[in-house]
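To start, the structure itself, in structure tokens.
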Amino acid sequence: MTRTASRTLTSLFLLPTLMMAGPLAAQAPLTIPPTLSGAQMDLTLQNGTTQFLPGPATNTMGANGPLLGPTLILEAGQFVTMNVTNLVGESTSIHWHGMHVAPENDGGPHIVIEPGETWSPAFPVLDKASTHWYHPHLHEKTNEHVVKGIAGFIIVRDAEEAALTLPRTYGVDDIPLAIQTKELDANNQVVWHGVMDTHVMVNGTIDPFVEVPAQIVRLRLLNGASERVFNFGLSNNQSFHQIASDGGLLTAPVSMTRLRLAPGERAEVLVDLGALQGQSIQLRNFGSELPNGIYGATQPGMGGGQQIPGYTNNPLNGGNYDILRLDVGAPTADPVTNLPGSMTTHTPWIEADADTTRIITFSPVNMGPTAIQGPFVFDMMPFDMMMINQYVPFENVEIWELRNQTPISHPFHIHDVQFYILSINGAPPPPNMQGRKDVVLVPGGMGVVRFITKFETFWSAETPYMYHCHMLSHEDDGMMGQFLVMPPENVGTGDEAVMPAVISVFPNPANDRLELRMDASLGMGDLTIVDGLGRAVHTQRVNGDRVHVDVSGITSGSYIATFRGAGGAATVRFVKQ
């Protein structure tokens with residue numbers, strides 16, 4: 088494991104300045120998170136204090152420090168073990184947002200890390216080059232733990248992205264920016280259930296500036312706020328180019344002057360600063376340009392009668408304000424000065440070939456003028472840890488149709504998969520939203536979003552994945568559901584789905600080592616692994632419900648593992664890389 092020191096980890100006493108559009112100067116150097124890389128990464132979740140404002144220090148949480156956490160640098164295809172130790176004094180969890188991992192490794196609310204315990208998921212990196220993030224996901228505690236500070240970037244690299252001429256010197260011309268807002272009370276303590284989130288922070292820094300070279304610079308934008316939607320642009324109104332969405336590269340750079348990001352969404356943008364040496368520009372939020380029905384706009388509901396108590400008292404709502412000052416200095420020795428052309432090829436699944444269309448309806452619990460205040464639910468049911476809302480057959484290609492019958496927009500996030508947006512209110516998505524996504528903002532007032540995806544690689548008859556609103560207060564209040572990707576033998580779509588004794592395998596795909604788990608009801612028996620031609624490549628007597636198998640000696644390909652015990656037999660398919 089390697090560690091790269093932060094460019095600046097200075098804690099400063101800062102004035103509680105709200106940076107509205109105007110001549111106000113930024114005051115603090117932007118914190119650049121340190122990095123972790125390698126086959127094993129250790130994250131310690133801990134309590135701490137951070138001096139955001141004059142007066143009492145703020146009680147915060149972080150990973151490997153008092154606030155936020157290191158950036159995890161992963162290589163596509165590598166096998167990685169994450170050792171996550173919980174020292175915050177209460178139960179929590181860590182979810183690898185956007186990553187394609189087995190449900191047992193996903194870090195949803197069923198995977199609880201108790202105080203003093205270490206959770207060590209191990210999995211192959213199956214994602215394309217992309218920007219993800221990690222954060223807690225404990226039911227009814229997600230918002231509190233994220234707002235207090237546990238969050239960090241994940242950067243996945245691969246050969247396709249490496250072949251492009253792109254900025255990628257971390258912290259110099261490739262800069263991670265986690266934009267969040269916080270409400271602090273009179274004693275400077277975090278409030279995670281209010282509406283006065285007037286303190287804008289980038290990587291935990293209030294009123295930040297960063298020195299950047301006069302060349303093309305890559306900004307990795309993460310909306311890590313609990314509820315607020317941002318509408319990013321530059322103070323000189325120059326255009327920039329989005330090159331990646333949640334799940335990785337777009338087909339080609341997309342030119343724009345505004346980029347809207349909802350909570351949980353990520354985007355990578357290129358900004359050409361070559362002509363601005365010696366000058367400063369601001370990354371700014373243009374909240375006044377957000378349409379009604381979005382949290383962060385002047386009016387949060389679709390109509391004027393839909394109001395959130397205290398919302399209009401927050402000057403950020405419907406306001407234009409600076410996020411980050413970019414001070415442009417001399418170019419580096421080897422600057423990137425030209426935009427890439429074609430970057431990758433996308434081949435979305437064909438709508439006509441979909442196996443299933445699922446309809447998910449968003450609705451308020453309380454109707455009438457207070458509906459916008461929540462709580463909100465999916466399909467008229469608040470989240471229940473003991474209820475599986477959707478049973479998804481393994482390898483199904485599915486269309487999910489999201490119908491928002493509430494007066495406010497909701498960012499919908501699904502675990503396990505990346506999807507392609509088919510339509511938003513009947514229209515094709517804009518070019519910057521035609522890549523791989525795991526979060527989409529569903530318009531309020533009967534808005535409809537349709538996306539297509541495939542549920543592949545992983546399944547489990549026991550551990551579910553989640554889908555939820557990524558407005559964390561909505562999620563904690565019950566706007567969440569869960570789904571099982573069923574083993575190949577179990578194709579069902581409701582409570583009638585059969586749940587026989589099964590065998591599960593992970594990681595899948597595997598490199599050198601497999602762990603197989605058998606249902607205890609199968610008893611002691613024999614494990615056989617056969618290749619695509621039906622030839623047995625491994626046999627083993629198994630006494631127990633878990634076994635590790637060395638597969639380093641078998642060739643790459645698809646295999647079937649069959650376990651036959653006194654209580655029955657079960658089969659599972661896996662891939663050897």
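Residues 88 to 664 in my numbering are what the sequence shown lists, from first letter to last. No residue lacks a Cβ here, since even glycine has one placed at the ideal position from N, Cα and C. Just so it is clear, the structure is predicted and the values come from calculations on it, not from any experiment.
Determine the direct distance from the alpha carbon of residue j to that of residue i, and round the result to whole angstroms.
i, j, result
"V527", "I200", "29 Å"
"A113", "D333", "Confidence in A113 is poor, its pLDDT being 42 and thus under 50, which makes the residue's placement too unreliable to answer from."
"P378", "I486", "27 Å"
"H502", "Q366", "42 Å"
"I475", "S217", "30 Å"
"V198", "A362", "As written in the sequence, residue 198 is Ile, which differs from the Val given in the question. Going from the Cα of I198 to the Cα of A362 covers about 50 Å."
"L403", "V638", "56 Å"
"R353", "L308", "6 Å"
"G135", "N274", "16 Å"
"D632", "R244", "36 Å"
"L253", "L426", "8 Å"
"P456", "G531", "15 Å"
"I590", "P551", "16 Å"
"V572", "E204", "28 Å"
"M586", "A548", "Note that M586 scores a pLDDT of 34, beneath 50, so its modelled location is shaky; the value from the coordinates is reported in the next line. Rounded to the nearest angstrom, the two C-alpha atoms are 7 Å apart."
Within a Cβ cutoff of 6 Å, which residues of the same chain sit near residue i, ignoring the five residues on either side of it in sequence?
i, result
"T91", "Interpretation of T91 is limited by its pLDDT of 36, a score under 50 that renders its predicted location unreliable; no figure is taken from the coordinates."
"T580", "Its pLDDT being 38, under 50, T580 is placed unreliably by the model, and nothing is read from it."
"D466", "T448"
"V356", "L306, F327 and Q329"
"G335", "K215, A216, S217 and R523"
"G176", "P202"
"G534", "N491 and N512"
"H226", "P196"
"H219", "H184, G185, M186 and I241"
"I446", "E488"
"M351", "Note that residue 351 corresponds to Gly in the displayed sequence, not to Met. P498, H500, V526 and H557."
"W279", "N230, E231 and V234"
"Q386", "N379"
Determine which residues share a DSSP beta bridge with residue i and list them.
i, result
"V167", "F210"
"Q267", "M288"
"R490", "T448 and V535"
"Q329", "V341 and V356"
"R244", "E162"
"K228", "K228 is not bridged to any residue."
"F373", "N407"
"F542", "DSSP lists no partner for F542."
"Y382", "A384"
"Q300", "Per the sequence shown, residue 300 should be read as Pro rather than Gln. Beta-bridge pairing links P300 to G416."
"D564", "Paired residue(s): none; D564 is not in a bridge."
Tell whether a beta-carbon distance below 8 Å holds between residue i and residue j.
i, j, result
"F545", "N595", "yes"
"V415", "Q364", "yes"
"M558", "Y382", "yes"
"E438", "L509", "yes"
"T268", "A312", "yes"
"L348", "N310", "yes"
"P116", "P295", "yes"
"L264", "L159", "no"
"V484", "W436", "yes"
"F166", "P211", "yes"
"P574", "F481", "yes"
"V304", "T419", "no"
"V297", "I266", "no"
Enumerate in chain order the residues of its own chain whose CB-to-CB distance from residue i is below 7 Å, with the five nearest sequence positions on each side excluded.
i, result
"A67", "Here the chain has residues from 88 to 664 only, and residue 67 is not among them."
"A417", "P300, A301 and Q364"
"G654", "A588, S608, L609 and G610"
"G565", "P462, V464, P469 and F470"
"L251", "P427 and M430"
For residue i, which residues of its own chain have a beta-carbon under 8 Å away from its beta-carbon, when the five flanking residues on both sides are left out?
i, result
"L321", "F327, T344, V358, I368, Q369, L370 and R371"
"G156", "P120, L130, G149, A150, Y221, I237, A238 and G239"
"N324", "T344"
"A163", "V212, L213, D214, K215, A216, V243, R244, D245 and A246"
"T540", "W436, V484, E485, W487, I501, V504, Q505, F506 and Y507"
Discussion item. Taking 8 Å as the cut-off, does the region 369-377 touch the region 514-530 (at least 3 CB pairs, one atom from each stretch)?
Written reply: no
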